[in-house]
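Have a look at the structure below before the remarks.
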Amino acid sequence: MSIRVKILILFTALTVSIILLMAGCAYFLTNQYSFTDFYKRIEIRAIVAARAVLIKDRDNSATYTELRNEHLERMPHEKEYFLKLDKEGHFKRPEALNSLPASFFEMVQLQGKANHRSGDIFFTGVLFGTDPDRYIVIVSARNDFGSRYMADLKRVLTICLATAGILVLAAGFFFSRYILQPVRVMTSQVKNIRAHNLHLRLDSPDSNDEMFELAQTFNNMLDRLETAFETQNNFVSNASHELGTPLTAIIGEAELALNKQRTDAEYRQSIQVILGEAERLEHITKSLLRLAQTGFGGKGQQRERIRMDELIFSVKDTIDQINPNNKVEIDYSMLPEDEAKLFILGDAQLLHLAFSNIVQNACKYSDNRPVSVALAATDSNIILLIQDQGIGIPESELPFIYDPFFRASNTSGYKGYGIGLPLSRNIIRLHGGNIVVNSQQGKGTEIRITLPVA
């Protein structure tokens, strides 16, 4: 069952139920009012009948008789009963009143009046007169007018309910179609998106609602997918090129050495070239494996509590061993007073690798000029700032710095493979963090790393 049909059924059922409930309440209240009004009418008739029949003053009696005959319309099956009470309150009950319970007569004597309904016949009794001339005056009638009125009301409510149901069904069909129109448009557009045209995007509705948010979310996902596909394509082509270059050099040098007899010095020179290219090939292969192992799923990663300042000190020791001439300085001024804010959850070896790559690049591309490493913390995040005074990155090339094997145009004089920064970003994102690179060519680079506090 489609969502449109579900919305239509739910909307119709809910609206019709509300209308039906209101109609039922209106019918019940009207019916109750009809009973009350009819009891009041026959009560007036009982009082008028008692005064017309039982008052001994002929003038007054004649007046009430005239009033009853000329102004009070006789109701269907209207009957009058006058029951005289003796001193003990006893009376003789006519056979026509046998359907009335004893409690009816008791209530008349105690409260002065009482009402009772037996089927379609309504009874009202009033106490009239004083000792020794006390009477229970009972008037009975059938409420044909009320019955017809309630039947007409029931018919009108039924017609209105049926009409309202049809209108609600039509309105529900229209609104469900209108509301889901953007979804149908998105579905049609999504069906046209394939691997070869990931550049296509969904049209965002001109409204700041859930449909707009859905379109934006889907477009963001397409952005990530397109980037991932392009990165994969670049990775494969660049990896093939980077692996092919040292292999070609190794094979060519080996063929050249075996082409004819050579001196020991020439053989040693050839072996030295082969060794250099093999080491380069090994470095590229290990870097590719590390890059592949840092996928965003985080499977198989061991997480532990890591103190960031100790990890930074360890990175500094590693850089000192690799490059004794470095000028890396750790800025302690922003360290938080609360040591609990220095802990994160993660893989210490991977994070050590990521930070080492970034700091080592800062030293390399700044020709061992001063590099600042500052550590700060908020209630929810740990922030690592790495600043150098190196060659910087051209602004036009900043969008490509995370592509594997990409190297800026001004780095030709520096040894590298373009894998360190993409590898570091994967590791940081694997730990729920974020990395931002700000750089100006010729002025240096600032890298801001944010990781969640444990």
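Residue numbers (the numbering used here): 1 to 454.
Glycine included, every Cβ here is placed at the ideal spot set by N, Cα and C.
Beta-carbon separation (whole angstroms), residue i vs residue j, contact threshold 8 Å
| i | j | result |
| --- | --- | --- |
| residue 108 | residue 127 | 5 Å |
| residue 4 | residue 180 | 5 Å |
| residue 387 | residue 444 | 7 Å |
| residue 123 | residue 115 | 7 Å |
| residue 311 | residue 348 | 7 Å |
| residue 161 | residue 19 | 6 Å |
| residue 306 | residue 351 | 7 Å |
| residue 195 | residue 229 | 7 Å |
| residue 2 | residue 146 | Wrong, their Cβ atoms sit about 49 Å apart, outside the cutoff. |
Where residue i falls: helix, strand or coil (DSSP)
| i | result |
| --- | --- |
| residue 444 | strand |
| residue 343 | strand |
| residue 82 | strand |
| residue 305 | strand |
| residue 420 | helix |
| residue 366 | coil |
| residue 53 | helix |
| residue 180 | coil |
| residue 48 | helix |
| residue 481 | There is no way to answer for residue 481, as the model of the chain reaches only from 1 to 454. |
| residue 426 | helix |
| residue 434 | strand |
| residue 2 | coil |
| residue 159 | helix |
| residue 121 | strand |
| residue 318 | helix |
| residue 267 | helix |
| residue 299 | No answer about residue 299 holds up, because its pLDDT of 48 lies below 50 and its placement is not dependable. |
| residue 75 | coil |
| residue 405 | coil |
| residue 467 | Coverage of the chain is limited to positions 1 through 454, which leaves residue 467 absent and any answer about it impossible. |
| residue 250 | helix |
| residue 89 | coil |
| residue 166 | helix |
| residue 260 | coil |
Buried or exposed (CB count within 10 angstroms, at least 16 for buried), residue i
| i | result |
| --- | --- |
| residue 442 | exposed |
| residue 439 | buried |
| residue 168 | buried |
| residue 328 | buried |
| residue 174 | exposed |
| residue 359 | buried |
| residue 332 | exposed |
| residue 14 | exposed |
| residue 382 | buried |
| residue 265 | exposed |
| residue 300 | Unreliable placement is indicated for residue 300, whose pLDDT of 48 sits below 50; the coordinate value is still reported in the next sentence. Classification of residue 300: exposed, given that the 10 Å Cβ count is below 16. |
| residue 412 | exposed |
| residue 74 | exposed |
| residue 17 | exposed |
| residue 25 | exposed |
| residue 155 | exposed |
| residue 297 | Here residue 297 scores only 46 on pLDDT, less than 50, and its place in the model should not be relied on; the value that follows carries that caveat. So residue 297 counts as exposed. |
| residue 103 | exposed |
| residue 158 | exposed |
| residue 119 | exposed |
| residue 436 | exposed |
| residue 371 | buried |
| residue 425 | buried |
| residue 315 | buried |
| residue 81 | buried |
| residue 208 | exposed |
| residue 200 | exposed |
Which residues DSSP lists as bridging residue i, in chain order
| i | result |
| --- | --- |
| residue 374 | 331 and 385 |
| residue 113 | 126 |
| residue 451 | 382 |
| residue 135 | 84 and 128 |
| residue 439 | 445 |
Cβ-Cβ distance between residue i and residue j below 7 Å
| i | j | result |
| --- | --- | --- |
| residue 377 | residue 385 | no |
| residue 432 | residue 357 | no |
| residue 391 | residue 417 | no |
| residue 354 | residue 271 | no |
| residue 274 | residue 304 | no |
| residue 50 | residue 137 | yes |
| residue 277 | residue 249 | yes |
| residue 459 | residue 134 | In the structure as shown, the chain starts at 1 and stops at 454, and residue 459 therefore has no counterpart that could be examined. |
| residue 198 | residue 226 | yes |
| residue 410 | residue 363 | no |
| residue 141 | residue 78 | yes |
| residue 143 | residue 38 | yes |
| residue 423 | residue 344 | no |
| residue 7 | residue 176 | yes |
| residue 281 | residue 309 | no |
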